[in-house]
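Numbering (my numbering), first residue to last: 81 to 247.
Next comes the structure, spelled out in structure tokens:
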């Protein structure tokens, strides 16, 4: 059974006072398992999808062809994102691992096991601020694979959400 991720382009009609939007289907990307998370690199040239079976797929947005397909986590991928320079992808998932993937080769170049399952993160390419089921925020140094700070955030397992504001 194939599962499909649809990519759409939304163009607002700036000539109309009603601000209507028009949608155009750009691509249908086939997956073997359900897609749980997606990300776009800063330039908009690469799309990454993370599946419930632990597979990461990297897509070229000019052709929507698959560049890499990597099984990197055991279980669901909760969140993933490109590094600011688009050379790496960080993923976190149900197996409590954080893995860094090289975009060009598809190889896992770093793997860190956390004590608890991480659900979301923000990262700058070297440091990662993660939120997980413990309710704490963990600041990881990926170069040394160590937690450099533990910040109590809340006392239950509500899912944390990080927003990145762009200017």
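C-beta: ideal position from N, C-alpha, C; glycine also.
Heavy atom of the ligand GTP within 6 Å of residue i beta-carbon
i	result
residue 209	In the structure on display, the ligand GTP does not appear, and there are no ligands present to speak of.
Straight-line Cα distance separating residue j from residue i
i	j	result
residue 244	residue 202	Since pLDDT at residue 244 reaches only 43, below the 50 mark, its modelled position is unreliable, and the value read off the structure follows with that caveat. Roughly 8 Å between the two C-alpha positions.
residue 126	residue 145	10 Å
residue 237	residue 230	Bear in mind that the predicted position of residue 237 carries a pLDDT of just 48, short of 50, making it unreliable; the figure below should be weighed with that in mind. Those two C-alpha atoms are separated by around 16 Å.
residue 176	residue 167	23 Å
residue 89	residue 112	24 Å
residue 213	residue 228	18 Å
residue 208	residue 233	16 Å
residue 190	residue 106	33 Å
residue 239	residue 200	Its pLDDT being 47, under 50, residue 239 is placed unreliably in this model, and the coordinates cannot settle the point.
residue 215	residue 141	36 Å
residue 138	residue 173	17 Å
residue 87	residue 101	16 Å
residue 184	residue 91	31 Å
residue 159	residue 123	19 Å
residue 211	residue 163	18 Å
residue 195	residue 226	12 Å
Sheet register partners of residue i (DSSP bridge)
i	result
residue 91	102
residue 114	Note: residue 114 sits in no beta bridge, so no partner.
residue 86	108
residue 219	209, 229
For residue j and residue i, believed in contact at Cβ under 8 Å, the rounded distance
i	j	result
residue 206	residue 217	The Cβ separation is near 17 Å, so there is no contact.
residue 178	residue 198	6 Å
residue 157	residue 136	7 Å
residue 129	residue 85	6 Å
residue 153	residue 161	Going by Cβ atoms, the distance from residue 153 to residue 161 rounds to 14 Å, so no, they are not a contact pair.
Proximity below 7 Å, CB of residue i to CB of residue j
i	j	result
residue 134	residue 155	yes
residue 132	residue 121	no
residue 181	residue 188	yes
Interface flag, residue i vs chain C, CB-CB below 7 Å
i	result
residue 127	No chain C appears in this structure, which consists of one protein chain only.
| request: Please specify which runs of the alpha helix (DSSP H), each continuous and at least 4 residues long, are wholly inside the segment 124-208, giving them in chain order. | output: none
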